[in-house]
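Residue numbers (the numbering used here), protein chains in the order written: chain Z, 248 to 313; chain X, 210 to 477.
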């Protein structure tokens with residue numbers, strides 16, 4: 248199954264949730280925002296959303312330096 | 210619009226922009242605003258110039274070591290354009306002084322180097338209805354977003370809780386290439402000038418990211434979050450908290466700046 252992650256195609260296993268994808272990116276525990284098809288997804292919904300082919304996902308990190 | 214120091218558009222010449230932090234982002238932003246002829250430029254920074262600042266804080270020079278950053282910057286800006294007024298605020302932005310400091314200005318540039326201070330600026334600006342530009346930089350990455358309070362996406366829409374300093378690498382921990390600060394600081398200055406002049410579109414509802422290694426500029430569409438604790442339908446943040454203080458350390462690349470050291474220095 249293929250989704251679009253940060254503008255680039257990426258293959259995922261069938262049945263993966265948003266939480267699985269975030270964990271696979273080794274981003275668990277870091278301060279990130281996840282947007283799915285242009286809507287911000289609350290953190291507590293990562294585990295309940297099952298990815299679908301063609302989903303557009305943006306993972307944004309908070310950057311605090313200056 | 211004639212973008213020369215001698216003939217800025219009237220709305221730019223009469224405009225007032227506050228820059229919080231005269232470091233990596235604030236240095237190029239301040240220089241650009243002075244050259245654009247922004248009539249009043251406010252500078253907030255409690256710190257003095259250190260050697261480790263100079264690889265990216267381009268408004269300061271070796272002769273400025275030990276001088277307050279706001280004083281060093283003001284001198285350079287007036288040399289570039291004596292027609293602008295530069296107001297210095299040699300103090301740390303806090304919940305208590307934020308309303309007083311923000312009030313006179315049309316637009317705020319968040320050029321700070323700490324997680325908590327960035328959220329303090331976001332919260333204060335939204336509560337006071339003050340448009341501002343956020344930017345963050347670390348290592349080889351940077352990002353920026355312009356916020357029109359209660360009209361466009363704010364930082365809390367994306368990150369409802371303040372990330373802990375442990376989760377967000379600072380420039381001190383991770384380092385930074387100096388030119389990255391210039392790239393993002395200049396975008397922030399362009400946003401301020403566009404806001405004043407009314408030209409073009411602002412960088413609202415789009416987070417502009419720059420990856421210097423790739424290299425790639427990219428704008429990610431971001432929408433307002435109805436569950437935003439600050440500007441959502443049922444906000445839980447309705448006043449500034451004095452706990453929202455910057456507990457992170459400055460972007461000193463040399464690594465000699467410890468939290469304890471800096472706090473001690475500030476209390477002098």
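Glycine residues also receive a C-beta, built at the ideal position from the N, C-alpha and C atoms.
Keep in mind the model is a prediction, meaning the values are calculated, not measured.
Sequence-ordered contacts of the region 271-304 of chain Z with chain X read 276, 277, 278, 279, 280, 282, 285, 286, 287, 289 and 290 [C-beta pairs closer than 9 Å]. Going by DSSP, residue 281/X is part of no beta strand (DSSP E) but of the alpha helix (DSSP H) stretching over 278-289. Neighbourhood of residue 310/Z in chain X, by CB distance below 7 Å: 345, 346, 347, 350, 351 and 352, in chain order.
As for any alpha helix (DSSP H) of minimum length 4 sitting wholly inside the region 365-419 of chain X, the runs are 380-383 and 387-406, ordered along the chain.
Residue 334/X sits in a helix when the DSSP states are folded into three classes. Our two residues, residue 428/X and residue 280/Z, have alpha carbons roughly 15 Å apart in a direct line. Runs of the alpha helix (DSSP H) lying entirely within the region 215-279 of chain X and spanning at least 4 residues, in chain order: 219-222 and 235-245. For residue 443/X, the closest Cβ of chain Z is not nearer than 9 Å. Remark: C-beta atoms of residue 431/X and residue 366/X approach each other more closely than 9 Å. By the Cβ neighbour-count rule, residue 242/X is buried, with 16 or more other Cβ atoms within 10 Å of its own.
Within the same chain, and ignoring the five residues on either side of residue 405/X in sequence, the residues whose Cβ sits closer than 6 Å to its Cβ are 220, 221 and 224. In this structure, DSSP gives residue 305/Z an extended state, which the three-state scheme calls strand. In the DSSP assignment, the residues bridged to residue 342/X are 318/X and 355/X. Of the candidates 328/X, 319/X, 385/X and 364/X, the residue whose Cα lies closest to the Cα of residue 346/X is 385/X.
Counting only the Cα atoms, residue 261/Z lies some 46 Å from residue 398/X. Think of a sphere of 7 Å around the beta carbon of residue 307/Z: the chain X residues whose beta carbon falls inside it are 367, 416 and 429, in chain order. Boundaries cannot be given for residue 442/X, as no alpha helix (DSSP H) includes it and DSSP labels it neither H nor E. The CB of residue 358/X never comes closer than 9 Å to any CB in chain Z; the least such distance is about 18 Å. Comparing alpha carbon positions, the residue from 362/X, 422/X, 325/X and 247/X closest to residue 435/X is 362/X. The C-alpha of residue 349/X lies about 24 Å from the C-alpha of residue 341/X. Contact annotation, residue 390/X with residue 260/X: C-beta distance approximately 16 Å; criterion of less than 8 Å not satisfied. Restricting attention to 308/X, 232/X and 433/X, the CA atom closest to the CA of residue 252/X is found in 232/X. The beta carbon of residue 309/Z lies closer than 6 Å to those of 278 in the same chain, with the five residues before and after it left out. For residue 432/X, a Cβ of chain Z is located within less than 9 Å of the residue's own Cβ. Residue 339/X and residue 358/X have their alpha carbons spaced roughly 7 Å apart. In the structure shown, residue 433/X falls within a coil segment according to DSSP collapsed to helix, strand and coil.
Following the DSSP letters along the chain, one finds residue 309/X in no beta strand (DSSP E) but inside the alpha helix (DSSP H) bounded by residues 307-311.
The residues 349 and 389, in chain order, have a CB closer than 6 Å to that of residue 421/X in the same chain once the five nearest residues on each side in sequence are set aside. By the neighbour-count criterion, in which 16 or more other beta carbons inside 10 Å mark a residue as buried, residue 410/X falls on the exposed side.
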